[in-house]
Amino acid sequence: MQHRVTIVGPDHHFLCSEDRSVLAAMIDCGRTSVAVGCRSGGCGVCRVEILDGHYRTGQMSSAQVSPAERLEGFALACQLFPAGALVLRAAPRRNVASDDAVCDPFERMRRQCAAMAGRAS
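Numbering (this note's numbering), first residue to last: 4 to 124.
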């Protein structure tokens, strides 16, 4: 069954089936309302706040969405599956200062090289 997903801010909406993640459905229809990272629930780049609706979630890193935040309606869009119409908004990810939170492997490598160059001088 398909459900309407609305992302407030840019006010984008699209349909998403119950067995597809919100992030995958968003990408499929060409929307860019939520940032895309690892797509496996670890980096927190696609963090959203669910404002209304019914859903289920897959496994998410508790470093990116704590159990308390899950109860408050936060999730990662790559692990968010609609069970009815959803209304969301993009939310800032946690731990953005940590190199471990950088999902882009090239950016992570650039930071590591810069850190090593700084230690060598």
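Every residue gets a Cβ at the ideal spot worked out from N, C-alpha and C, and that includes glycine. Source: prediction; values computed, not measured.
Per the DSSP calculation, Val133 is bridged to which residue(s)? Outside the displayed span of the chain (4 to 124) sits residue 133, for which this structure offers no information.
Looking at C-alpha atoms only, which residue of Ser43, Ala86 and Cys46 is the closest neighbour of Asp3? Residue 3 lies beyond the range of the chain shown here (4 to 124); nothing can be said about it.
Determine the extent of the beta strand (DSSP E) in which Val51 is found, giving its start and end residues. What you label residue 51 is simply residue 48 of the sequence shown in a count that begins at 1. Counting along the chain, the beta strand (DSSP E) containing Val51 begins and ends at Arg50 to Thr60.
Under the assumption that Val37 contacts Ala66 (Cβ atoms under 8 Å), give the Cβ distance between them as a whole number of angstroms. Within the sequence shown, residue 37 is the residue found at index 34, counting from 1. Within the sequence shown, residue 66 is the residue found at index 63, counting from 1. Not really, about 19 Å apart at Cβ, beyond 8 Å.
To the nearest angstrom, report how far apart Gly44 and His57 are at their CA atoms. Here residue 44 refers to the residue found at position 41 of the sequence shown. Here residue 57 refers to the residue found at position 54 of the sequence shown. Straight-line Cα distance between these residues: approximately 19 Å.
Can you name, in chain order, every residue of its own chain whose Cβ lies under 6 Å from the Cβ of Ile10, other than the five neighbours on each side? Your numbering for residue 10 matches position 7 in the sequence shown. Correct list, in chain order: Ser36 and Leu91.
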